[in-house]
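A.B. asks: So the sequence shown is numbered by my numbering: it starts at 1 and just counts up by one.
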Amino acid sequence: MTARRILRRSVAEGRLPEIAASLHPVLRRVYAARGLEDAQDLDLGLERLLPVSSLGGVDAAVDLLLACHRNAGKVLVIGDFDADGATSTAVVVRQLRRLGFSDPGFLVPDRFKFGYGLTPEIVRVAVQMQPSLIVTVGHVPTRVLAGPEGVAEAARSGIPVLVTDHHLPGRSLPDAAAIVNPNLPGERFASKALAGVGVAFYLVAALTRRMRDMGTVPAGSETNPADLLDLVALGTVADVVPLDVNNRILVAQGLRRIRAGRCAPGLRALLEVAGRKLDGVIAQDLGFQAGPRLNAAGRLEDMALGIECLLTASPVEAGELAARLSQLNSDRRQLETRMQQEALTKIDTLAASFEGRMPAGLCLFDDGWHQGVIGLVASRIKDRVHRPVIAFAPGEPGWVKGSARSVAGIHVRDALDAIATRNPGLLEKFGGHAMAAGMTLRESSLAEFEQEFALEVERRIDPDTLSGDLQSDGPLLPGEFNADTAAALREGGPWGSGFPEPAFDGRFGVAGARIVGDRHLKLRLKAPSGEIVDAIAFRYLDDGAAPAITPQQSVELVYRTSLDEYSGARRLQLVSEWLRPLP
1 MTARRILRRS VAEGRLPEIA ASLHPVLRRV YAARGLEDAQ DLDLGLERLL PVSSLGGVDA
61 AVDLLLACHR NAGKVLVIGD FDADGATSTA VVVRQLRRLG FSDPGFLVPD RFKFGYGLTP
121 EIVRVAVQMQ PSLIVTVGHV PTRVLAGPEG VAEAARSGIP VLVTDHHLPG RSLPDAAAIV
181 NPNLPGERFA SKALAGVGVA FYLVAALTRR MRDMGTVPAG SETNPADLLD LVALGTVADV
241 VPLDVNNRIL VAQGLRRIRA GRCAPGLRAL LEVAGRKLDG VIAQDLGFQA GPRLNAAGRL
301 EDMALGIECL LTASPVEAGE LAARLSQLNS DRRQLETRMQ QEALTKIDTL AASFEGRMPA
361 GLCLFDDGWH QGVIGLVASR IKDRVHRPVI AFAPGEPGWV KGSARSVAGI HVRDALDAIA
421 TRNPGLLEKF GGHAMAAGMT LRESSLAEFE QEFALEVERR IDPDTLSGDL QSDGPLLPGE
481 FNADTAAALR EGGPWGSGFP EPAFDGRFGV AGARIVGDRH LKLRLKAPSG EIVDAIAFRY
541 LDDGAAPAIT PQQSVELVYR TSLDEYSGAR RLQLVSEWLR PLP
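1. Within the same chain, show all residues whose beta-carbon is closer than 6 Å to that of VAL127, passing over the 5 residues directly before and after it, in chain order.
2. What does the alpha-carbon distance come out to for the pair GLU37 and LEU470?
3. State the DSSP-derived secondary structure class of GLN340, mapped to helix, strand or coil.
4. May I have the straight-line CA-CA distance separating ASP227 from SER88, to the nearest angstrom?
5. Classify THR552: buried if its beta carbon has 16 or more other beta carbons within 10 angstroms, exposed otherwise.
6. If you follow the beta strand (DSSP E) that GLY657 is in, where does it begin and where does it stop?
7. Would you kindly report the start and end of the unbroken alpha helix (DSSP H) that includes MET439?
8. How long is the line joining the alpha carbons of ALA488 and THR561, rounded to whole angstroms?
9. Among PRO169, VAL58 and ALA260, which residue has its Cα nearest to the Cα of ALA178?
10. Let me make sure I understand the geometry here. Which of VAL377, GLY398 and ALA323 has the alpha-carbon closest to that of ALA391?
11. With burial defined as no fewer than 16 other Cβ atoms inside 10 Å of the residue's Cβ, what is the status of GLY261: buried or exposed?
12. Using 8 Å as the threshold, is the C-beta distance between ALA437 and VAL412 below it?
13. Out of curiosity, what's the CA-to-CA distance linking THR349 and ALA343?
14. Can you give me the Cβ contacts of GLU336 inside the same chain, cut-off strictly under 6 Å, excluding the 5 residues immediately before and after it?
15. So who's on the other strand from LYS522, going by DSSP bridges?
16. Alpha helix (DSSP H) containing VAL26: first to last residue?
17. For ARG143, does the count of other Cβ atoms within 10 angstroms reach 16, so buried, or fall short, so exposed?
18. Pick out whichever of ASP367, TYR202 and LEU118 has its Cα sitting closest to the Cα of VAL232.
19. In chain order, what residues of the same chain have a beta carbon less than 6 Å from the beta carbon of GLU149, not counting five sequence neighbours either side?
20. Using 8 Å as the Cβ pair cut-off and three pairs as the minimum, do the stretch 473-484 and the stretch 519-533 touch?
21. Between ILE410 and PRO388, is the Cβ-Cβ spacing less than 8 Å?
22. Output the boundary residues of the alpha helix (DSSP H) element that contains SER576.
23. In the DSSP assignment, find the beta strand (DSSP E) that holds LEU234 and state where it starts and stops.
24. Does the distance from the CB of GLN284 to the CB of ALA274 come in under 8 Å?
25. Going straight from the alpha carbon of VAL52 to that of ALA61, what length do you get?
26. With DSSP collapsed to three states, give me the class of CYS263.
27. Residues in its own chain within less than 6 Å of PRO502 by CB, not counting five upstream and five downstream?
28. Does the beta-carbon distance from VAL161 to ALA176 come in below 8 Å?
29. Work out the CA separation of LEU563 and GLN130 for me, nearest whole Å.
30. Who are the Cβ neighbours of GLU443 in its own chain at under 7 Å, not counting the five residues just before and after it?
31. Please classify PRO394: does DSSP put it in a helix, a strand, or coil?
32. My assumption, with CB atoms under 8 Å, is that VAL241 sits in contact with SER497. Please give the rounded CB distance.
33. Is the beta carbon of LEU455 closer than 8 Å to that of MET439?
34. So, is VAL516 buried or exposed, given that buried needs 16 or more other C-beta atoms within 10 angstroms?
35. Can you tell me which of PRO174, ALA360, TYR540 and ARG188 puts its alpha carbon nearest to the alpha carbon of PRO463?
36. Skipping 5 residues on each side, what residues in its chain have a beta carbon closer than 6 Å to that of GLU187?
Quick look at the structure:
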């Protein structure tokens, strides 16, 4: 393992005393390091959610939906093939059904046939379903080139389009009947970080409120939008949007409902097939267990399978669909492992050709790679080389599709926009956000794009970023290496992007070391205070250069805490984020 800087988060003077003294001392330090100052910052009650009426565009959007309802028209939701798109679709369709809309339906583009976004091709398929109104969720019709063209295609067939979106818009907007997006120019909504499913939730909440005020639906619990917060939490966590206060409320409230067993049968089944008990579910279970299983449908087959899992009211059908999604996820993992090893080989070759100084931004292509998995490969390699990475796979004959993953400080969609502006015609289309993006270009242009991408990232990146600095909340103190600490931190979430899960660092003696599961390193460590604690480094052997760890050595470790509850006992286990042997 290479030496990397460990940067400790600081606790601003004066913050700590204002946070509730009854909290676990480690949790108090962690909260203070994330800018929380008083008890109000800890309140994640639903009443603190930003008002539904404060999101611009929802009134016009509700008008469109109500007109469709009065005329018994059909609403068709066009979603995306990732977890955010699937949950957004399920939220809108479920609530429209509960509000008495006439047979609301959904359509998800086949990523391999239609590509990304509201393309004219997918709109022509939608027209055959004879909708009265198209509602987009989860993708980016306010920016992707095909978005305006898709809206125009629907208009030629006399079908209005209601656009919901959460990405930064492009220079011009589609001529839609209504647009709801917290990131539109001039929009004053205080949370710019809503996921697509968050926007969908605000839309159906506004619709429900208006219909209740009009007396067209009862005010009982059967139409309460809060019942959908389990899916909102899943989509928000899976889309890795920053967990600002508003998103933390959405996720915390969704988790509360899941733990109480008040969640969709499909989500329950996804968690149970992953071996998770509902009463102990945390945000990480949504992000690393339920989310990947849902995403597997869109990566390898058809996201309609995932959406049906979230929509079904039958526990039996939900279990069958979840089992199928779990198998797809297993297939995806095998495919990803192969592609990742191939990518690592390419990285080693590149490092040798550049004499150890790789470009600031990397592009990798293999004609045997799968479109649905290249984003995961880009993410793994990005974590390895600490710089933006784009993985490419073949698309239509003569074309390639790429998926980018970025690092802090590089807004990859803006970088692509700058490249496209300087080089008209180089990129056929692209879209995304700060940390992830997708694109299509001619295979013959790949070498030129690779050079342009490396130069653009070089212009933007802070050289310190390339060292892969590690963020830490400092060391755990004597007496804090116990299950109570791990439990307090687990319950102190939801943790995620923008509100990172606590990580700590320290130096330990190695009392025992062994390989488990062929690839994981299990450790028995001795803290400087003399306390003995278990630790595990998952996928340690995936890095062919990982040094052997033996007893009597010492190691430097950056780690998270977890609860090992095997056989009913609660024990602290450290989960390694990074480790290196000390001389």
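Quick reminder that beta carbons are idealized off the backbone N, C-alpha and C, glycines included.
C.D. replies: According to the data block:
1. SER157
2. 24 Å
3. helix
4. 14 Å
5. The amino acid occupying residue 552 in the given sequence is Gln; Thr does not appear at that position. So GLN552 counts as exposed.
6. Within the shown structure, residues of the chain are numbered from 1 to 583, placing residue 657 beyond reach of any answer.
7. No alpha helix (DSSP H) holds MET439; the beta strand (DSSP E) holding it covers 436-442.
8. 10 Å
9. VAL58
10. VAL377
11. exposed
12. yes
13. 10 Å
14. VAL373 and LEU376
15. ARG514 and ILE536
16. 25-33
17. The pLDDT assigned to ARG143 is 47, lower than 50, so where the model puts this residue is not dependable; a value taken from the coordinates is nonetheless given after this. Counting Cβ neighbours within 10 Å, ARG143 comes out buried, since at least 16 surround it.
18. TYR202
19. PRO120
20. yes
21. yes
22. Note, SER576: premise wrong, no alpha helix (DSSP H); beta strand (DSSP E) at 571-582.
23. Segment 229-238 is the alpha helix (DSSP H) holding LEU234; no beta strand (DSSP E) there.
24. no
25. 13 Å
26. coil
27. VAL30, ASP473 and LEU489
28. yes
29. 52 Å
30. GLY398, TRP399 and VAL400
31. strand
32. 6 Å
33. no
34. exposed
35. ALA360
36. GLY56
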